[in-house]
Amino acid sequence: MIRGFQQNQEPRNALVLFDQMKIKGVIGDKFTYPFVIRACNDLLEQCRGRCVHGEVLKVGLEVDVFVGTSLIEFYSGFESMRYAYKVFNELVVKDMVAWTAILYGFVSKFGDMERGRELFNRMPSKDMVVWNIMINGYVKVGNVDEARMLFEQATFKDMLMYNMILGGYVRSGEVEKMMQFFNDMPKKDLVSWNSIIGGLVRSERFSEAMKYFQRMQMVNVSPNDVTLISILLGCAQVGALDVGKWVHSYIDRNNIDEAYGLIKSMPITPHTGVWGALLGACKIHGNVELAELAIEQLIQLDLEDGGYLAIMSNIYANAGRWDDVSKVRELMKKKGIGKIRGCSSIEINGEIHEFGVEEKIHPRADEINDMLGEISQRLKWAGHFSNKNEVLFDVEEEDKEKTLIFHSEKMAVAFGLITTEKGTVIRVVKNLRICSDCHASVKLISKIFEREIVIRDRSRFHHFKDGSCSCGDYW
Numbered sequence: 001m002i003r004g005f006q007q008n009q010e011p012r013n014a015l016v017l018f019d020q021m022k023i024k025g026v027i028g029d030k031f032t033y034p035f036v037i038r039a040c041n042d043l044l045e046q047c048r049g050r051c052v053h054g055e056v057l058k059v060g061l062e063v064d065v066f067v068g069t070s071l072i073e074f075y076s077g078f079e080s081m082r083y084a085y086k087v088f089n090e091l092v093v094k095d096m097v098a099w100t101a102i103l104y105g106f107v108s109k110f111g112d113m114e115r116g117r118e119l120f121n122r123m124p125s126k127d128m129v130v131w132n133i134m135i136n137g138y139v140k141v142g143n144v145d146e147a148r149m150l151f152e153q154a155t156f157k158d159m160l161m162y163n164m165i166l167g168g169y170v171r172s173g174e175v176e177k178m179m180q181f182f183n184d185m186p187k188k189d190l191v192s193w194n195s196i197i198g199g200l201v202r203s204e205r206f207s208e209a210m211k212y213f214q215r216m217q218m219v220n221v222s223p224n225d226v227t228l229i230s231i232l233l234g235c236a237q238v239g240a241l242d243v244g245k246w247v248h249s250y251i252d253r254n255n256i257d258e259a260y261g262l263i264k265s266m267p268i269t270p271h272t273g274v275w276g277a278l279l280g281a282c283k284i285h286g287n288v289e290l291a292e293l294a295i296e297q298l299i300q301l302d303l304e305d306g307g308y309l310a311i312m313s314n315i316y317a318n319a320g321r322w323d324d325v326s327k328v329r330e331l332m333k334k335k336g337i338g339k340i341r342g343c344s345s346i347e348i349n350g351e352i353h354e355f356g357v358e359e360k361i362h363p364r365a366d367e368i369n370d371m372l373g374e375i376s377q378r379l380k381w382a383g384h385f386s387n388k389n390e391v392l393f394d395v396e397e398e399d400k401e402k403t404l405i406f407h408s409e410k411m412a413v414a415f416g417l418i419t420t421e422k423g424t425v426i427r428v429v430k431n432l433r434i435c436s437d438c439h440a441s442v443k444l445i446s447k448i449f450e451r452e453i454v455i456r457d458r459s460r461f462h463h464f465k466d467g468s469c470s471c472g473d474y475w
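Written as structure tokens, this is what we have:
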């Protein structure tokens, strides 16, 4: 009965029955405790689970592999890996399930790839699940090269494993490797096709994405809503689309009204990403009226995301409609949402460095500030003038310029310039859409400092090189 309740998503009843069992003086065994422990995990009751662990010790079942594995999963769920490993270490017999549980805890729950690799190397045997855990772990921390090495060593490979590597290349923006890997795959499923198409769209290579979209249909793989959203987002990037059975051709680059017509005629309900792309296009082209239609849909679809309202506020500010800016801010306050804190990160020698707007707490803050000063001066010499519309209207002009130079992506790029050798590609990840001033600045930085810079923002990859960006200034 206890097992039945736990496995049928009724963990509370499982624990109630377990308490009744103890009241009647019935002692649990190795078939009882695994499901009781899992019920505690289901209910996120860490304290209760620890108490059950104490009972396990009293009845001498701590060395049982079934009970032990359940405890490993329990402690891993709360990221208490010290206790999970202690339980694992005390098991007399460690079967494949126990090894997999402790590996999953360190790699997938805790993100400790060093400890995970140590366990992986010690495992007496490895099945498909174990290989997938390790490969996915490396992909999640951004180490696609190590994931690929393990992939090549794997004695057997399934579609999940292939798609993990493909997804890793998509996330890292390594387009050529992504395309080569996809083309070499012996078999492709819908996830594979969606990954390659979405990856190309995010990397601003829409014409190639369309070719893969056509190839997909030629091999009789039907697109789903994920496929169509990627194509529509790509269309929004190049500012052009026609309406056919799905999407077959481009329209005039700057015709936003056509893009809006396409969205309205979609055979599926438009996703937030579609309306968000339209809102971004309206910001670039200063189309306030269409932006208002887009934000109306976005508010209905995603009440928790204040980022869209912040973009709308900037659109109004650029148009000089300060009363509307105030109204949007008031709306954000009423909905209890604020502008998401912008932050950017860069990986240097395996360590992730994160920067927030105007943050000055980094150990090398003085060097970063010096580099930002140099960047600012050289941008002025190159004829760049800050787009101060990106800063709140109630800030003084001089302060606006200072605020812009301390945007998180610029700080991350500055850090990349002082910590990597010339010729090294600088890769930055930002949680929000890159602002127009930073976009224009980084284009010039790539030319002035002779560096290729890749910034992955909330929407897509921007590949900056020789003073231009892969997005064609449309994002």
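With UniProt numbering, the residue at position 106 of the sequence shown is 106, and numbering never jumps.
Glycine included, C-beta positions come from ideal geometry on N, C-alpha and C.
- Per DSSP, reduced to three states, the secondary structure at VAL141 is coil, with no helix or strand assignment.
- Note on geometry: alpha-carbon atoms of LEU160 and LEU331 lie some 44 Å from one another.
- Judged by DSSP in its simplified three-state form, ARG456 adopts strand.
- In the three-state reduction of the DSSP assignment, SER408 falls in the helix class.
- Annotation for VAL428: no alpha helix (DSSP H) segment contains it, though the beta strand (DSSP E) segment containing it runs 426 to 430.
- A residue is called buried once 16 or more other Cβ atoms fall within 10 Å of its Cβ, and GLN6 is buried on that count.
- With respect to the C-alpha of VAL201, the residue from LYS465, SER459 and GLY467 having the closest C-alpha is SER459.
- Short of 6 Å from the beta carbon of TYR104, and not among the five residues preceding or following it, lie these beta carbons of its own chain, in chain order: ILE133.
- DSSP, read as helix, strand or coil, puts LYS465 in strand.
- Taking GLU208 as the centre and dropping the five residues before and after it, the same chain places the C-beta of LEU200 closer than 6 Å to its C-beta, in chain order.
- Here DSSP, grouped into helix, strand and coil, assigns GLY77 to helix.
- ARG451 sits close to ILE426, with the two beta carbons spaced by under 8 Å.
- About 11 Å separates the Cβ atoms of TYR260 and LEU279, ruling out a contact at the 8 Å cut-off.
- Within the same chain, and ignoring the five residues on either side of ASN431 in sequence, the residues whose Cβ sits closer than 6 Å to its Cβ are CYS343.
- By a beta-carbon distance limit of 8 Å, SER446 contacts PHE464. Their separation comes to about 4 Å.
- One alpha carbon belongs to CYS471, the other to GLU204, and they sit about 5 Å apart.
- If you draw a straight line from the Cα of ASN287 to the Cα of ARG50, it comes to about 59 Å.
- The C-alpha of VAL139 is placed about 26 Å away from the C-alpha of VAL221.
- For PHE355 against MET411, the beta-carbon gap comes to about 4 Å, under 8 Å, which counts as contact.
- Collapsing the DSSP output to three states places GLY356 in a strand.
- Collapsing the DSSP output to three states places GLU347 in a strand.
- Rounded to whole angstroms, the gap between the alpha carbons of THR100 and VAL130 is 6 Å.
- In the structure shown, ILE434 adopts coil according to DSSP, grouped into three states.
- In this chain, the alpha helix (DSSP H) harbouring VAL52 covers 46 to 59.
- Here CYS471 carries a coil assignment [DSSP, helix/strand/coil].
- LYS447 sits in a helix when the DSSP states are folded into three classes.
- Spatial neighbours of LYS443 in its own chain (CB-CB distance under 7 Å, excluding positions within 5 residues in sequence) are listed in chain order as PHE464, GLY467, SER468 and CYS469.
- Of the residues assessed, MET216 falls on the buried side of the cut-off, its CB having 16 or more other CB atoms within 10 angstroms.
- One Cα belongs to TYR75, the other to VAL65, and the distance between them is close to 15 Å.
- Contact between the region 104 to 114 and the region 69 to 89 is present: 3 or more CB-CB pairs across the two stretches fall below 8 Å.
- Approximately 7 Å separates the beta-carbon atoms of GLY28 and VAL36; this is inside 8 Å, confirming the contact.
- Per DSSP, reduced to three states, the secondary structure at SER203 is coil, with no helix or strand assignment.
- Within the same chain, and ignoring the five residues on either side of MET123 in sequence, the residues whose Cβ sits closer than 6 Å to its Cβ are TRP99.
- Excluding five sequence positions before and after LEU379, the CB atoms of its chain that fall closer than 8 Å to its own CB belong to SER441, LEU444, ILE445 and ILE448, given in chain order.
- Residue nearest to ARG12 within the set GLY25, ARG38, ILE311 and LYS30 is ARG38 (criterion: CA-CA distance).
- If you draw a 10 Å sphere on the C-beta of GLU118, you find fewer than 16 other C-beta atoms in it, and that means exposed.
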